[in-house]
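Once you know that position 35 of the sequence shown is 246 in my numbering, the rest is easy, because the numbers rise by one and skip nothing.
Right, one structure below, let's go through it.
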Amino acid sequence: MSYNPKLLLSLRCRHFGRSNLKTGSEQAPQSQFEDLRRELLSRKYSYKTIKGYIYCNKDFLNFIGKKPSEINDSDIIPHF
């Protein structure tokens with residue numbers, strides 16, 4: 212999986228409602244955020260910043276209920 216800049220949404224992280232979070236195997240697997248983590252590390256972001264970005268991206272993906280490959284601008288723009 213190549214680095215997907217759409218996953219960097221956490222610059223404007225919001226709470227998307229815990230009732231919408233999925234559990235278990237429905238959640239986004241950790242490995243899909245590995246490229247994002249590596250990209251942020253290469254840019255010298257702190258551990259806490261990386262952790263926050265990944266958390267917010269997982270929260271957003273769980274909220275909209277789509278895979279990262281299915282996300283388009285119309286999914287993202289209404290949430291800003």
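For each residue, glycine too, the CB sits at the ideal point set by N, CA and C.
Are isoleucine 265 and arginine 254 touching if we call contact CB-CB under 8 Å? No, the Cβ-Cβ distance between isoleucine 265 and arginine 254 is not below 8 Å.
Hey, how far is the Cα of lysine 233 from the Cα of proline 279? Any reading at lysine 233 must be qualified, since the residue scores a pLDDT of 46, below 50, and its modelled position is unreliable; no value is offered.
Our contact map puts isoleucine 261 next to leucine 251 with C-beta atoms below 8 Å; I'd like the distance itself, whole angstroms only. Confirmed, Cβ separation roughly 5 Å.
Can you give me the C-alpha to C-alpha distance between aspartate 270 and aspartate 246, rounded to a whole angstrom? For aspartate 270 and aspartate 246, the distance between alpha carbons rounds to 17 Å.
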